[in-house]
Structure formats: structure tokens, C-alpha cells
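Participant:
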Amino acid sequence: MRFLKDIFAGTLTLLTGMRVTLQHFLRPPVTTQYPLEKLEMSEAYRDVIVLIEKEELGTHDCIDCQACVRVCPSMCIEIEGHRPEGLKRKRATKFEVDFALCSECGLCLDVCPTDTLGYGRDYDEAGYQRSDFIYDLLKPWRSGEETALKRIGEIEAAKAAERDAKKKAAAAAKKAAAAKKDAASTDPPTEKDA
Amino acid sequence: MIEEKLNELDPAIVSTAENYAVKGYCYLHKLEVARLPEAAALFCEDGFQLEMMTCVDCRESDGIFRLVYQFNIYDIAQRHLLHVDLAPDQAAPSIAAVCPGANWYEREVYDMYGVEFSGHPDLKRILMNDDYVGHPLLKDFVDTAPQVI
Amino acid sequence: MDRMEVVRADDDRDTYYINMGPQHPSTHGVLRLRLHLDGERIIDAEPIIGYGHRAHEKMAENRDYLQFLPNTSRVDYLSGMIYNLAYCQAIEKALEIEVPERAEYIRIIAGELNRISSHLLWLGTFLLDLGGITPFLYCFDDREKILDILDSVTGSRLTYCYGRFGGVTMDVDETFLENTAAFCTYFHKRLVEYDKLVIGNVIFQERTKGVGIFAPEIAARYAVTGPCLRALGQARDVRKDEPYGIYERFDFAVPTCEKGDCFDRSIVRMEEMRQSLAIIEQALRDIPSGPVMAAKVPKRIRPPEGEYHFGVESARGHFGIYIVSDGSDIPFRMKLRTPSFAHISTMPEVLVGTMLADTVAILGSIDIVIPEIDR
Amino acid sequence: MSPNFVEIFGNPWLAILVAMSAIIGYLTLNALMLIWLERKLSARIQRRMGPTEVGPYGLLQTVADMGKLISKELLTPEHVQKPLYLAAPVLVFAPVVALCSLFPVSPSWVFHDYNIALVLLLAISGTNVLGIFIAGWGSNNKYAVLGAVRSVAQNIAYEIPLILAVIPVVMTARTLSLYGITEAQSAFPYILVQPLAAIIFLIAATAETNRAPFDIPEAESELVAGFHTEYSGMRFGMFFFAEYSNMVIACGLATVLFLGGWKGPLLPGFVWFFIKVYALIVLMMWFRWTFPRLRFDQLMKFAWVVLVPLAIVNLLVTTIVLKLI
């Protein structure tokens, strides 16, 4: 009897399983037809790093500080820079990332002092040789570099002027305060005088 | 307690209590090589498990290899570290007989540091190829393998 | 010319050797098992490992503490988040960095989501080993949902580098929390379905019950941990025994079984997924607002000279990080104690006497991840 | 009585040629469509799309695959036993062609109605295992030999419940001719009188065709690919074709024995026959994409401990009932 009961119970579990697969059979597929349908990448998605535009500059703000080069565990970043004439800050002249080595850890973003590094949005990178993955991050910025430099010069000049003005104002305020103090120390007698 | 038993076994064993909250283990015992199998047996009898065993290459600073054995009872979190200092050409006694879990760990230490274990049932390389020359985790290891680009 | 010699052994012509792997469909990577067989029965088994050896421990000695971060999630790529966060927590503990509350909660959620995704992959591949192909696809479908959720905050799907010393890289937003909550409700239903399709199935039970029993002595001698140990009836879980992070605040059970065979391991893992869901739900309920990065993190990571151990419960068992610091910003020695290494070293004892078909069931049920063994 | 092919064509050689070409053509088409069906079905069960690119609904995908298999170089590994290795794919496929000629597809579609057709069919289908064994043995590969050995054991074990399930039908119909058995089911199909025999037959037939959950000889997670590990190109394709053709044979036999063959209202006979056959095939596919695989010893135990006793009991009961009637 036990024998028959086991067979019956076993068959029942098999039928339950078949019902589950049947239910799935009747539901629509979940496949994304990849090359035909493009996937929407999330906000946080990490592709090869890019230089992002800083709003106040209208261009990237890589100052060739080499912080990301030093922190990169894969040693895949290469930066060269120079100090353009009349500018306070340095500008990168070469920013190359070997994406084949990059592990998307994001440490370079953390250390960037000017926060000009961000993640790219592409996800279907492909190439025929390793050198295809050496990305030149300055490429989109090259054409606008001259105007950007001018603009940065203006901004820096404005900032310097502002700073100077502030300094002057501060100095003036200091002077005024000192004068006031002087006045305060000398005032009472004048008051008395009055 | 196990530290008292260790002291009974050999008063020369130096046991220090450590700050579990920071270090992650309770006791550090330094012992002689010769005492190792007895000490390991003591731990195993008391229900400890060999959680991990490894080696540290201290040849530069102290001229020794330091074998580190980590015993633990999981439910009460009693983690003990055993330090055994070895001269660079000295063989350590294998504890695989008392604690079979050590078998592979000892093979790994042999593979990575070249430390021999006397009495090990099957001492051969474990992670590197059988025909590999050199011991990768030595501090003076130079990688001679051709770079693949 | 003896070209028909299929049976070959030195003196015993009734037995033969077979190489399972390194390229074999069900060794989950590049594991090689040298099996000595008598017919279909295994007389002797020797696992040969090292095909996936990437020398993570050597790499650790050649880069500073921060630069080792991306390596951690690649040790065990299936529970990369847990390993990544474990490494962060290990360093935080050594340096006594306070982690903000919100970051701790995010870590719990991300870690437990990762644990579920790891268990789902185990379930799928285990069934694949047993010859059931369909559950594999269902598991991957569900796993994909988890990966989407984790992707939306970490930016990666498999090898996360989300943790930082002192917190996490990115704060989670409302959508993340909502998606996670929605996933929890959805996944409860799916677990019932898995129970029907897989666990209840008579063929599955036939294949797994009484197969691959880890005797308690073996478990003790080889320091078997995680679900394999809990299947034996020992309720040991690092999250309970040595609570790290904020695990002691959560109410969850440590599921156990009695026999320790493949079926019990499956039951334990299925139940663990439910417990993980419970933890996630509690964390979602209690998550406070605030910063996700500690205000004061030393610029140079230099743990004081000495030795440190930090253990977490990974999806497979006790994962321990042992760090020897010489006070510089490069680890002097870092040993990664991985659970699968201990589990696979029991194989010579566990596999003997089983059938060839059981070998794949046992390997599948202990949930080995080869890169984790080889490191 | 059915019309004879020889009478239609006059020349017996011509008749054989035409019939053989028709059967091989049908089997090729059948295998192609079944593979497509299996892919689509498994895909939908697994919430995937299956083939979509080649042809409408991916219908031509398997044709493309066959083109690929045919154009592949036929590799012969160095260590194989050459004569056996080369003969095996043919030996696996040959019985199928012979078997197909026996089925009464409709009252007018039968190549030759032997009065012992059922015996002939079971006998020839038994030789199928020979090809598999030779393939495994000739490959001189341990995985292949293991697969071959399993296959032989499994086929022998399941042949018994299979035949034990057929006997009650023969006893009820009182004929061994497939045509006769179909005719005897004019009133109702035998599945109603012999439900247990029908289930046993279906299970045993699934095992005979090495389909999941009984695909032990080619269990890919244990034996890589089992007996056809060493085969590639169209030689592998032959095994593949044989598997799907065997499914048609097994399901065709089940249709004739239990579902009343071509019998059915409204539609012409051959349509009913094929509907029934392909419905059974879909059922077998459904099994495959739902269940995990049994272990070898459990499989044998299932045959000897469950199926054989049940079949014998069923046979006894049938005998007694028939005697009483």
C-alpha cells in the first residue's frame, strides 16, 4: 500500500511541476531582443570614465594633478598637462584611459579634486584589437580648447579681481575697524569735549 | 580554558590576550616549532576548528618564516592565533594527522613559500603547476613568466 | 596495439581513472577532479585546483589598502558585494572608523540582495547539474531583477566596487528602496513556485536525499562553514555569532536541518533566502536618512602595526580576511580565508563510495565557486 | 485491406525506392520541425523567445543549422576504433527508416500491413541500442563508454515494461497487425480500457528514446555528451536526427496502440494520426523541460521495482477480465 501511495504522491509532485512550467509557458517572454531593443542603463551605470563639463567653466576642469593616475589600481590612466600662458591652473593636454585594463572601481572619481571625472553611458563597447580600447578623453574638448582657455582666463581674471576686491574690501574694513577703534578710544574725550 | 592548557603543556608558550573588538581574535600564542603538533591536538580535542593557516615571510625583519594558525570555535567566537617561527631552511611538523583540514593549507604554504612540512601525507604544489619553479608569495619573488599582452 | 583499452589502471583492470574537468560542464569553472572509478562508483577522488589562480594575495602586497578594493569582489564573483563590504569593514575596524547609520543599512540591504542573487545562481546551476534546465532560466530571470536593483546604485552587475572605507560610494534613492520592496513581495511568491517546481519534485528529492552527507566529524575537522554546516544541524552563522556591521539589530533565524545531505543543504539555502528577505524588509523599514560617508576618514590608510582578522558570513560560509600590517600603507600580508577552499578539501572523503552522477550533485550542492578556491 | 504500394507502382524496386525516399524526406522534415518546435517550446516555457531570426518565427533556423552541420569537416579523432566509429551513426539512423514503413497513417496510407507488424516493430526498434553502444565503444573515450553502457542497461530494462504494456492491447485486439489494432479501436481508444498500460508505455517509450528525465546516456552534466562525445558535424547530426525520429516512432506506436490511430471525427485519418502523434511529442518535450534527471541506479530501480510489477499486475488483470468476458 505504501508503495502505491509513494507512486501516487510522487506523480502528484511531478504534475505540480508541470503546472508551474505550463503557467510560465502561457506568460509572455522576458527577453530583451538586444540589438533590436536598446537597454536603458541606470543612472549609476559605470562605463569608461569621461571628463564632464564644469558649468562655471563651460569645459572640463582637468588640472593634471595626477591624483587619479596615482590611485588607479590598474594603472590605466595616463595624463600629461601644461600651464597655458596667463593662466593660474594647469590644463591636461593628454588624458588616455586603457579601458581594457580598467575595472570600473571608481577610485579616480573619488580622488578627483575638481570633480571633473564621471562615468560614461555606453555599454556596447567592442573592438578588434586592444589598442581600440585606449580612449582619448580629451577628444570632445579639443576643438573648443582655445575658446575654453580664453574663457577660463576671463573667469580666473574675474575671480582674481573679485579676490583682490575682497582683499581690498577686507583691508578697507580692517582699516575702518581700526580707525573706528582708534576713534572709539579717542571718541569719549571728544564727547566729553562736546 | 585552552590558554591554561597550553601553559601546562609548555610554560614557555607566551600567550597574550588581545583586543577582540579591534583585532578580531582573542589570544595570540607564540610557541616553539616542536610543540606545534601537541598544541594543535590540544585545540582539536577542545572542539576548536582550524579556521585558517598561513605563513608570513618575515625574513627581512626577523630572518624567519612565521606560520600562523587560526583556531576558532564558531558559536562562542573564541579565536586563537598561533605563531610558530621557523628558520628559513627549517621544516615544520605537519599537523594534518591531527587536523585534516590543515592538509591543503600546508600544501598552499609549501606552494607559496617553499616551507616544507615533515610528515605531510602528500606534500605537493596546490595552486601553481607541478612543474613551476619558485614560490610566488616570497617577498623576494621575481616573476620570470613572460608577460602576455 | 591495444587501442581499445578504455579501462586502464596499473594492476587492477576492473577500475579506471576519469578526469572530470578542468573543462567539464558541471565543475562550475575550471576545477579538475581526478576520479578513480569502479564502474559508476567512486573509489577515490582528488580535486586538483589552481586553474583560476590570480594571486590576489600577492597583489595585495603590491598595492595600498585602497587599491585592493576592486580585487575583493573578484575573489568570489557571485557574492562580490559581501566580499567588497567585508574588506571595507575589516579596514574600518582596524582603523576604528565610524560608519554613518544610513551607510550601514545600505550595506545590509546590498549584502543581503547579493546573498539572494548568489543563492539563486546556486539553485539554477544545481538544477542544471541534476539535469533540470528550466529552473536555471527562472533563477536567472529573478537574479536579473536583483542585478538591476544593485546596478541602479552601484553601477555594476557582478563585480561591485561599492564600499569605501567609511561608507559607500553612492546614496540610494527612493526608487531603489521602492524597487527593493517590490522585489521582496515578488520574490516571496517566486520562492513558493520554486518549492513547487524544484524542492517538492520527487525526482529532485530522489537525487538529493541521503547523497553527499558531511559527517559532523568531517565538518569539524575541515572547518566546514555556512549552509553546509547548518544543514548538519549546527546553527552557526557569523552574522549571529560575531555580529558585524549592524546585524545584531535585525531579527532573523538561522535555518538548520539535520542530516547534512544535498537535500538539506538545498532546504537551508531556500530558507536562507527567506531570512535574507526578512532582513531586507526590516532594513527598508528602519533606514534612517543622513550621510553615507564618514566625515573623518584618514587620507592615508595605515592600520597600526599588528595582525587583524575580520570574518563575515558570505553566501557560502565564513569568509575571513587576515591582515598583517607593518604600519605602512601597503599590507604586509593579506590572507583570504575562503569557505569553498575548506569545502572542496573535504571532497576526497565525501565523494568516496558515491556514484558518478552524485559527484555533480554534491559539487553543485556545496555551491563551489572556483575563483574563490583558487583566489 | 490496405492497398499495396507494389501494385500502385508496378515495379517492386521502384516502389521501395519511392517509399524510402518519401520516408527519409519525411523524417528529415520531421526532425527539422521537431527541433524547431522543441526550441520554441522550451524557450516559451523558460520565458525566452527561441529562434526568431532565420525565416518567419525562426522556422528556418534548424535548416540553417543543418547546413552548418553538413558543411562542417568530418573529424575522425585519432584514438577511435575506425570501423565501429564510422558505422555507428548509420546504425542508429537505419532502423528508424525501416520502422517508419510499418505505420498505418490512415486506412489507405500503409506501406505494407504485416500481420506481425507489432513484433517486427519492437524487434527492429531494439536494434537502436546497438548503434548507440557501438558509437560509445568505438569512440574509445571513457565518457562515451559510460554513456554506451548506461544506454544498453537502460534500453534492456525498459524494453520489458514496454512489451508488458503492449501485450494487454494485443490481447484485447486479438491481432498483431497495427492496422488491425487501429480498426479494433473503432468504438473507443484503448487508453480508456488500458490507462495503466498507456502510462507505462509512455514512460518506457520516453526512456527508450533517451529523452529527459531518462537521458542518462547523454547526461551532459555528468558525461559531457555521453555516447556521442567524440562525434561532430553531420555524424553528430545523425544522432540528433535519430533521436527525433525515434520520438515519432515511439509516439506513433503509442498513438496506434492507445489513441486509436487515424480514428477521429470530421478530419481525414492522416490528420488525426499526426495530431495525436505530435500531441504526444509535445507532452514528451514538456516532461523534458520540467524535470531533473534521474540517477542511473534509480532509473533501473524504477523500471524493475515500479514499472515491471505494475505492468505484470495489469497484464494479469487484463487476462482475467478477458477470460471472464
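Chains as they are written, first to last, in the numbering used here: chain A, 1 to 194; chain B, 1001 to 1149; chain C, 2001 to 2375; chain D, 3001 to 3325.
We put the beta carbon where it would ideally sit given N, CA and C, even for glycine.
Predicted model, so just to flag it, every value in this text is computed and none were measured.
1) Throw me the rounded Cβ distance for the B:ALA1034 and B:CYS1099 pair, which I believe falls under 8 Å.
2) Determine the closest residue to C:SER2325 out of B:PRO1121, B:TYR1110, B:ASP1057, with distance taken between C-alpha atoms.
3) By a C-beta neighbour count over all protein chains shown, 10 Å radius and 16 as the cutoff for buried, is D:PHE3188 buried or exposed?
4) Is C:PRO2216 near the ligand PLP, judged by its Cβ being under 6 Å from some heavy atom?
5) Taking contact to mean 3 or more Cβ pairs, one atom from each stretch, closer than 8 Å, check whether the stretch 3253-3271 of chain D and the stretch 3038-3056 of chain D are in contact.
6) Determine whether the Cβ of C:ARG2207 lies closer than 7 Å to any Cβ atom of chain D.
7) Apart from the five residues just before and just after C:ASP2374, which ones in its own chain have a Cβ nearer than 6 Å to its Cβ?
8) Answer yes or no: does any C-beta atom of chain A fall closer than 7 Å to that of C:GLY2155?
9) Can you look up B:PRO1153 in the DSSP assignment and give me helix, strand or coil?
10) Rounded C-beta distance between C:PRO2135 and C:VAL2198? I'm assuming under 8 Å.
11) Using the beta-carbon count (16 or more within 10 Å), is C:MET2355 buried or exposed?
12) Could you check if B:HIS1024 is buried or exposed, using at least 16 other CB atoms within 10 Å of its CB as the buried criterion?
13) Measuring alpha carbon to alpha carbon, tell me which of D:ILE3281, D:PRO3309, D:LEU3294, D:TRP3304 ends up nearest D:MET3033.
14) Using alpha carbons as the reference points, say which of D:TRP3289, D:SER3042, D:VAL3313, D:ASN3314 lies closest to C:GLY2000.
15) Nearest-angstrom Cα distance between B:MET1001 and C:PRO2288?
16) Between C:ILE2330 and chain D, is there a C-beta pair that is closer than 7 Å?
17) Distance check for A:TYR119 and C:ASP2148, CA to CA, integer angstroms please.
18) The beta strand (DSSP E) that contains C:LEU2035, what's its start and end?
19) Contact check, C:VAL2292 vs C:ILE2106 under 8 Å by CB: the rounded distance?
20) Run through chain C and tell me which residues come within less than 7 Å of B:LEU1195, C-beta to C-beta.
21) Pairing CB atoms from the stretch 1044-1057 of chain B with CB atoms from the stretch 1097-1116 of chain B, are three or more of them under 8 Å?
22) Measure the C-alpha to C-alpha separation of C:GLY2200 and D:ALA3015 and round it to an integer number of angstroms.
23) Cβ closer than 8 Å: which chain G residues qualify as neighbours of C:LEU2069?
24) Would the beta-carbon of C:VAL2360 fall within 7 Å of that of D:GLU3218?
25) Please report the distance separating the alpha-carbon of D:SER3002 from that of D:ALA3184.
26) Are D:ARG3048 and A:THR31 close, meaning C-beta to C-beta below 7 Å?
27) Any contact of the stretch 92-103 of chain A with the stretch 127-141 of chain A, i.e. 3+ C-beta pairs under 8 Å?
28) Pairing CB atoms from the stretch 106-115 of chain A with CB atoms from the stretch 62-81 of chain A, are three or more of them under 8 Å?
29) Mind checking which residues open and close the beta strand (DSSP E) that includes B:SER1015?
30) Going by the DSSP bridge assignment, what does D:VAL3169 pair with across the sheet?
31) Considering only DSSP beta bridges, list what D:PHE3227 is partnered with.
32) Have a look at B:MET1112, B:ILE1073, B:ARG1079 and flag the residue whose alpha-carbon is nearest the alpha-carbon of C:TYR2308.
33) Can you list, in chain order, the stretches of the alpha helix (DSSP H) that have 4 or more residues and sit fully within the stretch 3076-3158 of chain D?
34) What residue range does the beta strand (DSSP E) around B:GLN1049 cover?
35) For C:VAL2352, collect the residues of the same chain with a Cβ closer than 8 Å to its Cβ; drop the 5 residues on either side in sequence, then sort them by chain order.
36) Going by beta carbon distance, what residues of the same chain come within less than 6 Å of C:PHE2341, once the five residues before and after it are set aside?
Facilitator: Based on what the coordinates show:
1) The residue given as residue 1034 of chain B occupies position 34 in the second sequence. The residue given as residue 1099 of chain B occupies position 99 in the second sequence. At roughly 17 Å, the Cβ-Cβ gap does not stay under 8 Å, so B:ALA1034 and B:CYS1099 are not in contact.
2) Against the third sequence, residue 2325 of chain C aligns to sequence position 325. Minimum Cα distance to C:SER2325 is reached at B:ASP1057.
3) By one-based count along the fourth sequence, residue 3188 of chain D stands at place 188. D:PHE3188 comes out exposed.
4) For the ligand PLP, the structure offers nothing, since it holds no ligand at all.
5) no
6) For this step, residue 2207 of chain C is matched to residue 207 along the third sequence. Yes, C:ARG2207 lies at the interface with chain D (some Cβ there is under 7 Å from its Cβ).
7) On the third sequence, position 374 is the one that residue 2374 of chain C refers to. Same-chain partners within the cutoff: ILE2049, GLY2050, GLY2052, HIS2053.
8) Numbered from 1 along the third sequence, position 155 holds the residue referred to as residue 2155 of chain C. Yes, because at least one Cβ of chain A sits closer than 7 Å to the Cβ of C:GLY2155.
9) What the structure shows of chain B is the stretch from 1001 to 1149, and residue 1153 of chain B is not part of that stretch, so it cannot be assessed.
10) Locating residue 2135 of chain C in the third sequence gives position 135, where the first residue counts as 1. Locating residue 2198 of chain C in the third sequence gives position 198, where the first residue counts as 1. Their Cβ separation, rounded to whole angstroms, is 5 Å, which keeps C:PRO2135 and C:VAL2198 in contact under 8 Å.
11) Here residue 2355 of chain C refers to the residue found at position 355 when the third sequence is read from its first residue. Result: buried.
12) As a working mapping, residue 1024 of chain B is identified with position 24 in the second sequence. Here the sequence assigns Gly to residue 1024 of chain B, which means His is not the residue at that position. B:GLY1024 comes out buried.
13) Reading the fourth sequence from its first residue, position 33 is the one you call residue 3033 of chain D. Measuring from the Cα of D:MET3033, the nearest candidate turns out to be D:ILE3281.
14) Because chain C here runs from 2001 to 2375, residue 2000 of chain C falls outside it and cannot be looked at.
15) Along the second sequence, one-based indexing puts residue 1001 of chain B at 1. Along the third sequence, one-based indexing puts residue 2288 of chain C at 288. Cα to Cα, B:MET1001 sits roughly 43 Å from C:PRO2288.
16) Your numbering for residue 2330 of chain C matches position 330 in the third sequence. With 7 Å as the cut-off, C:ILE2330 does not count as an interface residue toward chain D.
17) Taking the third sequence and counting its residues from 1, one reaches residue 2148 of chain C at position 148. Taking the first sequence and counting its residues from 1, one reaches residue 119 of chain A at position 119. Answer to the nearest angstrom: the Cα atoms are 18 Å apart.
18) For this step, residue 2035 of chain C is matched to residue 35 along the third sequence. Its beta strand (DSSP E) spans residues 2032-2038.
19) Numbered from its first residue, the third sequence carries residue 2292 of chain C at position 292. Numbered from its first residue, the third sequence carries residue 2106 of chain C at position 106. The pair is a contact, with the Cβ atoms about 6 Å apart (cut-off 8 Å).
20) The requested residue 1195 of chain B does not occur in the structure, where chain B is confined to residues 1001 to 1149.
21) yes
22) Working through the third sequence from its first residue, we reach residue 2200 of chain C at position 200. Working through the fourth sequence from its first residue, we reach residue 3015 of chain D at position 15. Distance between the alpha carbons of C:GLY2200 and D:ALA3015: 54 Å.
23) This model lacks chain G altogether, as its protein chains are A, B, C and D.
24) Here the question's residue 2360 of chain C lines up with position 360 in the third sequence. Here the question's residue 3218 of chain D lines up with position 218 in the fourth sequence. No, the pair does not count as a contact, with Cβ atoms beyond the cut-off.
25) Taking the first residue of the fourth sequence as 1, we reach residue 3002 of chain D at position 2. Taking the first residue of the fourth sequence as 1, we reach residue 3184 of chain D at position 184. For D:SER3002, the predicted structure reports a pLDDT of 45, less than 50, and the residue's modelled location is therefore unreliable. The matter cannot be settled from this model.
26) The residue you call residue 3048 of chain D lines up with position 48 of the fourth sequence. The residue you call residue 31 of chain A lines up with position 31 of the first sequence. Yes, Cβ-Cβ distance for D:ARG3048 and A:THR31 is below 7 Å.
27) yes
28) yes
29) Here residue 1015 of chain B corresponds to residue number 15 of the second sequence, with the count starting at 1. Note, B:SER1015: beta strand (DSSP E), 1014-1017.
30) Locating residue 3169 of chain D in the fourth sequence gives position 169, where the first residue counts as 1. Partner(s): none; D:VAL3169 has no beta bridge.
31) Translated into the one-based positions of the fourth sequence, residue 3227 of chain D becomes position 227. In DSSP, D:PHE3227 forms no bridge with anything.
32) The sequence position of residue 2308 of chain C within the third sequence is 308, counting from 1. Measuring from the Cα of C:TYR2308, the nearest candidate turns out to be B:ARG1079.
33) 3082-3100, 3117-3126, 3128-3139
34) As a first step, residue 1049 of chain B is located in the second sequence; it is residue number 49 there, counting from the start. It spans 1049-1058 - the beta strand (DSSP E) in which B:GLN1049 sits, taken as one unbroken run.
35) Here residue 2352 of chain C refers to the residue found at position 352 of the third sequence. The residues are ILE2042, ILE2043, ASP2044, ALA2045.
36) Looking up residue 2341 of chain C in the third sequence gives position 341. Excluding sequence neighbours, C:PHE2341 sits near ILE2373.
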